[in-house]
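Asker: Line by line, the protein sequences give chains A and B.
The numbering used here applies: residue 1356 is where the first sequence begins, and numbers increase by one.
The numbering used here applies: residue 1356 is where the second sequence begins, and numbers increase by one.
The structure's right below; bear with me while I get my questions together.
Number of protein chains: 2
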Amino acid sequence: MMSNSLYQDSHCVVDFTLARLWVDRRAVTLTRKEYDLLSALTANAGEIVPRGVLLRTVWGYGPDIRTRTLDVHIRRLRRKLGGYGEQYIETIFGVGYRFQPWREPKPFAAEPHMLRASA
Amino acid sequence: MMSNSLYQDSHCVVDFTLARLWVDRRAVTLTRKEYDLLSALTANAGEIVPRGVLLRTVWGYGPDIRTRTLDVHIRRLRRKLGGYGEQYIETIFGVGYRFQPWREPKPFAAEPHMLRASA
DNA sequence: CCACTTTTTGCAAATCTTTCACAACTTCCC
DNA sequence: GGGAAGTTGTGAAAGATTTGCAAAAAGTGG
Chain A
1356 MMSNSLYQDS
1366 HCVVDFTLAR
1376 LWVDRRAVTL
1386 TRKEYDLLSA
1396 LTANAGEIVP
1406 RGVLLRTVWG
1416 YGPDIRTRTL
1426 DVHIRRLRRK
1436 LGGYGEQYIE
1446 TIFGVGYRFQ
1456 PWREPKPFAA
1466 EPHMLRASA
Chain B
1356 MMSNSLYQDS
1366 HCVVDFTLAR
1376 LWVDRRAVTL
1386 TRKEYDLLSA
1396 LTANAGEIVP
1406 RGVLLRTVWG
1416 YGPDIRTRTL
1426 DVHIRRLRRK
1436 LGGYGEQYIE
1446 TIFGVGYRFQ
1456 PWREPKPFAA
1466 EPHMLRASA
């Protein structure tokens, strides 16, 4: 059976059966843990996935394990997502992370730092 | 399902019924195990075949057998694939191997993301 | 016995994962 | 605003695992 299940938006494709990722049509190699983590996030794209859930589903860790390995993997995933890492993987402080499907940036909007009066 | 008894791309032909291999129109002699392994890989060309699956289908080994014989055969196959060995048989670290159908190296082509207007 | 094939063995090399120390940031409260 | 406490980001290093490889040993069929 060829159920080609994948996540897809205008910059990023994750193929769960082939275990591969493309960013802007460019194949990106993921390690196993990176892929597991990305899967856990994209499978719930748009929703917050708590740290505890990630640590349990991806690492099999119990609730009382203290580690920074999740953060490190998040950082590597963000990198491999090219320039979009920060946009895709959002940090929910004190809770977890959320993979945010791509949204075209607003055509133009003044950023706060542009608004400072130049003395 | 009419199984095509032939794998074929621009450098490599595997005939499953004759149990033979040609690389660049040159016949290559394979031993039995080499051929079984190549079959298992090319039959799923483009997909990852986990080590465990190879050890089971080609060797009949159970899940708890520790051996490096698979790696040794992979190496010999790569050699017999001429200069293309590394390109054809890809190592998926911690998972298995993948026979990758031949792809012509890109001459040069602008990728979508190169085309975005800068400034 | 001989030629050939296959498996084992023991490192070396490559790769991936986790930890660590500390910087940066968020939140909360006075 | 200005700490204090807790959380996350980060680069580098250590730790653990996997794979590559060469040579030797073991198996196979003539």
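For each residue, glycine too, the CB sits at the ideal point set by N, CA and C.
For Asp-1364(B) and Pro-1405(A), what's the separation of their Cα atoms in angstroms?
Answerer: Taking the straight line joining both Cα atoms gives about 46 Å.
Asker: So Leu-1432(B) and Glu-1389(B) are in contact, right, with Cβ under 8 Å, and what is the actual spacing, rounded?
Answerer: Contact holds; Cβ gap of about 6 Å.
Asker: Under 7 Å Cβ to Cβ from Ala-1400(A), same chain only, skipping five residues before and after it: list those, please.
Answerer: Contacts found: Tyr-1362, Phe-1454 and Pro-1456.
Asker: Which chain A residues are close to Glu-1459(B), counting only those with a beta carbon under 7 Å from its beta carbon?
Answerer: The premise fails here: Glu-1459(B) is roughly 16 Å from chain A at the closest Cβ pair, so nothing lies under 7 Å.
Asker: So which residues of chain A does Ile-1403(B) contact, with C-beta pairs closer than 7 Å?
Answerer: Within 7 Å Cβ-Cβ: Ala-1374.
Asker: Would a C-beta distance cut-off of 8 Å place Leu-1409(A) and Leu-1392(A) closer than the cut-off?
Answerer: It is a contact, given that the beta carbons lie within the stated cut-off.
Asker: Determine the direct distance from the alpha carbon of Val-1383(B) to that of Lys-1435(B), and round the result to whole angstroms.
Answerer: Approximately 7 Å, taken between the alpha carbons.
Asker: Considering Cα atoms alone, identify which of Trp-1414(B), Val-1369(B), Tyr-1443(B) and Thr-1397(B) is closest to Glu-1459(B).
Answerer: Of the listed residues, the one whose Cα sits closest to Glu-1459(B) is Tyr-1443(B).
Asker: Can you list, in chain order, the residues of its chain with a C-beta nearer than 8 Å to that of Val-1450(A)? Leave out the 5 residues immediately preceding and following it.
Answerer: Within the same chain, Val-1450(A) has close Cβ partners Ile-1403, Pro-1405 and Arg-1406.
Asker: List the whole-angstrom C-beta distance separating Val-1368(A) from Thr-1397(A), where the pair is believed to meet the contact cut-off of C-beta under 8 Å.
Answerer: Contact flag wrong, Cβ pair sits at about 10 Å.
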